[in-house]
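Scroll down for the structure; my scribbles are underneath it.
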Amino acid sequence: MVNRRQLIGAGAAGAALISTNSWSATTNQSLPETPIKTTATTEQPVNPSTGPDYQPVVTLNGWTLPWRMNNGVKEYHLVAEPVEREMAEGMTAYLWGYNGQSTGPTIEAVEGDRVRIFVTNKLPEHTSIHWHGMILPSGMDGVGGLSQEHIPPGKTFAYEFDLVKSGTFMYHPHSDEMVQMAMGMMGMFIIHPKDPTFMPVDRDFVFMLNAFDIDPGTYVPKIMTMTDFNLWCWNSRLFPDIDPLVVAKDDRVRVRVGNLTMTNHPIHMHGYDFEVTCTDGGWVPKEARWPEVSIDIPVGAMRAYEFDAKYLGDWAIHCHKSHHTMNAMGHDVPTFIGVDKTKITQQIRKLQPEYMPMGMAGMADMGEMEMELPDNTVPMMTGWGAHGPIEMGGMFSVVKVREGIQSGDYSDPGWYENPPGTQASEWTGDLPEPVYVTDPQTRYTAKPNNNKKT
Ligand SMILES: [Cu+2]
Numbered sequence: 004m005v006n007r008r009q010l011i012g013a014g015a016a017g018a019a020l021i022s023t024n025s026w027s028a029t030t031n032q033s034l035p036e037t038p039i040k041t042t043a044t045t046e047q048p049v050n051p052s053t054g055p056d057y058q059p060v061v062t063l064n065g066w067t068l069p070w071r072m073n074n075g076v077k078e079y080h081l082v083a084e085p086v087e088r089e090m091a092e093g094m095t096a097y098l099w100g101y102n103g104q105s106t107g108p109t110i111e112a113v114e115g116d117r118v119r120i121f122v123t124n125k126l127p128e129h130t131s132i133h134w135h136g137m138i139l140p141s142g143m144d145g146v147g148g149l150s151q152e153h154i155p156p157g158k159t160f161a162y163e164f165d166l167v168k169s170g171t172f173m174y175h176p177h178s179d180e181m182v183q184m185a186m187g188m189m190g191m192f193i194i195h196p197k198d199p200t201f202m203p204v205d206r207d208f209v210f211m212l213n214a215f216d217i218d219p220g221t222y223v224p225k226i227m228t229m230t231d232f233n234l235w236c237w238n239s240r241l242f243p244d245i246d247p248l249v250v251a252k253d254d255r256v257r258v259r260v261g262n263l264t265m266t267n268h269p270i271h272m273h274g275y276d277f278e279v280t281c282t283d284g285g286w287v288p289k290e291a292r293w294p295e296v297s298i299d300i301p302v303g304a305m306r307a308y309e310f311d312a313k314y315l316g317d318w319a320i321h322c323h324k325s326h327h328t329m330n331a332m333g334h335d336v337p338t339f340i341g342v343d344k345t346k347i348t349q350q351i352r353k354l355q356p357e358y359m360p361m362g363m364a365g366m367a368d369m370g371e372m373e374m375e376l377p378d379n380t381v382p383m384m385t386g387w388g389a390h391g392p393i394e395m396g397g398m399f400s401v402v403k404v405r406e407g408i409q410s411g412d413y414s415d416p417g418w419y420e421n422p423p424g425t426q427a428s429e430w431t432g433d434l435p436e437p438v439y440v441t442d443p444q445t446r447y448t449a450k451p452n453n454n455k456k457t
């Protein structure tokens with residue numbers, strides 16, 4: 004493996020987008036500085052600077068929280084605060100999150116590290132942080148009222164513990180949990196194995212499944228919604244503005260997916276079969292794995308899967324609940340398939356000349372339509388690919404496998420050009436007459452009465 008310490012500095016591309024709040028450095032020397040992110044771009048991974056080598060994770064439309072070493076302890080500073088999150092171009096939500104964004108930054112560390120995580124509460128109410136899946140002292144578990152006092156607004160608490168196992172974990176409040184998670188407070192916590200030869204990969208992607216209920220034209224999630232969310236996100240981001248997973252051919256790739264929504268999500272990736280190699284409980288032994296093409300991510304859980312990127316192409320990756328690959332829509336839209344709306348259209352156009360009848364032949368026309376939308380809304384389905392509209396939204400992205408991509412390069416290579424003879428296209432030859440199956444005894448009976456079977 005490449006020694007990633009030689010690559011330090013490769014992450015500087017996005018550094019200008021992360022500003023450092025200086026109050027902590029100047030007024031309280033004991034606190035690490037507070038990095039704040041102001042955009043929804045995917046930042047370059049942060050290569051290890053001390054300790055064992057590891058392949059850092061790439062957080063889709065997110066970033067890794069910088070840390071400092073203080074007498075052998077890794078120190079981080081999370082700030083719980085109201086944030087403005089661009090969920091897609093043209094739509095910003097007023098959420099609660101950490102260090103400027105929702106979801107919060109990914110925390111990355113190594114098995115065996117001792118960490119000290121300062122949590123400053125800039126919310127209007129108290130909060131706490133639970134470190135989901137970790138083995139730690141009871142008093143560090145972050146359940147407000149049970150394991151600690153809630154962190155009042157304006158106060159900073161310190162969590163300190165040893166990372167006794169590697170794997171993929173999450174963090175979220177355990178104070179007014181329903182509200183604070185509905186507002187977007189959550190993040191991922193990655194602990195790399197201290198042995199760099201244990202299950203190494205070339206690319207390691209991570210994202211959180213989350214969901215919001217934000218009416219078109221508004222900015223704040225409806226916090227009482229229990230199941231009927233209208234925005235299904237990866238890291239509080241919606242297709243077509245979720246970044247692609249860029250992979251070099253023959254890379255070993257890991258994808259880690261956490262779920263802090265209120266329902267399960269069968270994440271399906273095209274073009275490959277793969278194996279689940281990690282849950283938030285730990286690594287899955289080789290003998291216990293089985294092949295899949297979709298993995299259900301249960302509520303309050305994480306799954307990581309791995310594959311060898313053998314097949315070039317643009318491969319869809321998405322939640323297989325088809326309503327979760329749609330952006331905001333009214334769920335009470337009536338079904339018009341098969342209905343002739345010609346007459347009613349004429350009537351309505353007398354009152355509203357621009358009226359467009361929709362949905363008689365399905366809803367694919369929504370993908371192409373240039374409709375006027377209320378401010379601060381994304382179309383229900385909207386992406387464009389090399390071959391037309393991609394009639395998707397929400398929990399959808401593309402795994403782009405290409406030859407010749409440099410290690411550490413995650414920039415979008417554009418659309419895949421299918422080699423000649425490998426792309427579905429129009430058939431222009433003759434089509435046979437239809438053959439109707441009518442009677443299991445005679446099997447085939449053609450209509451009209453010119454049965455070829457004699
Ligand atoms: Cu889903």
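In this note's numbering, each number is its position in the sequence shown, counted from 1, plus 3.
Don't be surprised by glycine CBs; every beta carbon is placed ideally from N, CA and C.
Separation of residue j from residue i, as counted between CA atoms
{"i": "residue 146", "j": "residue 184", "result": "14 Å"}
{"i": "residue 192", "j": "residue 397", "result": "23 Å"}
{"i": "residue 266", "j": "residue 235", "result": "11 Å"}
{"i": "residue 87", "j": "residue 102", "result": "11 Å"}
{"i": "residue 53", "j": "residue 287", "result": "28 Å"}
{"i": "residue 382", "j": "residue 409", "result": "35 Å"}
{"i": "residue 188", "j": "residue 423", "result": "47 Å"}
{"i": "residue 90", "j": "residue 104", "result": "10 Å"}
{"i": "residue 437", "j": "residue 426", "result": "26 Å"}
{"i": "residue 63", "j": "residue 231", "result": "25 Å"}
{"i": "residue 271", "j": "residue 297", "result": "4 Å"}
{"i": "residue 162", "j": "residue 144", "result": "9 Å"}
{"i": "residue 200", "j": "residue 218", "result": "48 Å"}
{"i": "residue 31", "j": "residue 223", "result": "Residue confidence for residue 31 is low, a pLDDT of 44 falling below 50, so the modelled location carries little weight; the figure read from the coordinates is stated next. So the alpha carbons of these two residues sit roughly 33 Å apart."}
{"i": "residue 100", "j": "residue 186", "result": "8 Å"}
{"i": "residue 160", "j": "residue 173", "result": "19 Å"}
{"i": "residue 202", "j": "residue 280", "result": "9 Å"}
{"i": "residue 434", "j": "residue 440", "result": "18 Å"}
{"i": "residue 179", "j": "residue 141", "result": "20 Å"}
{"i": "residue 119", "j": "residue 301", "result": "30 Å"}
{"i": "residue 152", "j": "residue 33", "result": "22 Å"}
{"i": "residue 16", "j": "residue 344", "result": "Reliability of the predicted coordinates at residue 16 is poor, the pLDDT of 36 falling under 50, and the value obtained from them is presented with this limitation in mind. Spanning the two alpha carbons is a distance of roughly 54 Å."}
{"i": "residue 407", "j": "residue 45", "result": "21 Å"}
{"i": "residue 207", "j": "residue 251", "result": "12 Å"}
Same chain, Cβ closer than 6 Å to residue i, five either side skipped, listed in chain order
{"i": "residue 259", "result": "171, 209, 307"}
{"i": "residue 117", "result": "76, 165"}
{"i": "residue 106", "result": "189, 190, 211, 238, 239"}
{"i": "residue 327", "result": "235, 397, 398"}
{"i": "residue 196", "result": "114, 169"}
Beta carbon of residue i nearer than 8 Å to that of residue j
{"i": "residue 168", "j": "residue 303", "result": "no"}
{"i": "residue 379", "j": "residue 94", "result": "yes"}
{"i": "residue 249", "j": "residue 413", "result": "yes"}
{"i": "residue 283", "j": "residue 411", "result": "no"}
{"i": "residue 35", "j": "residue 121", "result": "yes"}
{"i": "residue 269", "j": "residue 322", "result": "yes"}
{"i": "residue 305", "j": "residue 261", "result": "yes"}
{"i": "residue 157", "j": "residue 377", "result": "no"}
{"i": "residue 67", "j": "residue 109", "result": "yes"}
{"i": "residue 392", "j": "residue 405", "result": "no"}
{"i": "residue 277", "j": "residue 290", "result": "no"}
{"i": "residue 352", "j": "residue 309", "result": "no"}
{"i": "residue 175", "j": "residue 263", "result": "yes"}
{"i": "residue 181", "j": "residue 226", "result": "yes"}
Proximity test, residue i beta-carbon vs ligand 1 heavy atom, cut-off 7 Å
{"i": "residue 235", "result": "yes"}
{"i": "residue 327", "result": "yes"}
{"i": "residue 268", "result": "yes"}
{"i": "residue 324", "result": "yes"}
{"i": "residue 398", "result": "yes"}
Other residues of its chain near residue i: CB distance less than 7 Å, five sequence neighbours each side excluded
{"i": "residue 317", "result": "401, 403, 418, 419"}
{"i": "residue 48", "result": "14, 59, 60, 61, 67"}
{"i": "residue 154", "result": "122, 124, 129, 130, 131, 160"}
Beta-carbon contacts of residue i that lie in its chain and below 8 Å, excluding the five residues immediately before and after
{"i": "residue 253", "result": "311, 312, 313"}
{"i": "residue 125", "result": "82, 83, 84, 85, 156, 157"}
{"i": "residue 138", "result": "167, 168"}
Please confirm if the region 118-132 is in contact with the region 213-221, defined as three or more CB-CB distances below 8 Å between the two stretches.
With the cut-off at 8 Å, the region 118-132 and the region 213-221 do not touch.
Three or more C-beta pairs closer than 8 Å, one from the region 48-68 and one from the region 106-117: is that the case here?
With the cut-off at 8 Å, the region 48-68 and the region 106-117 touch.
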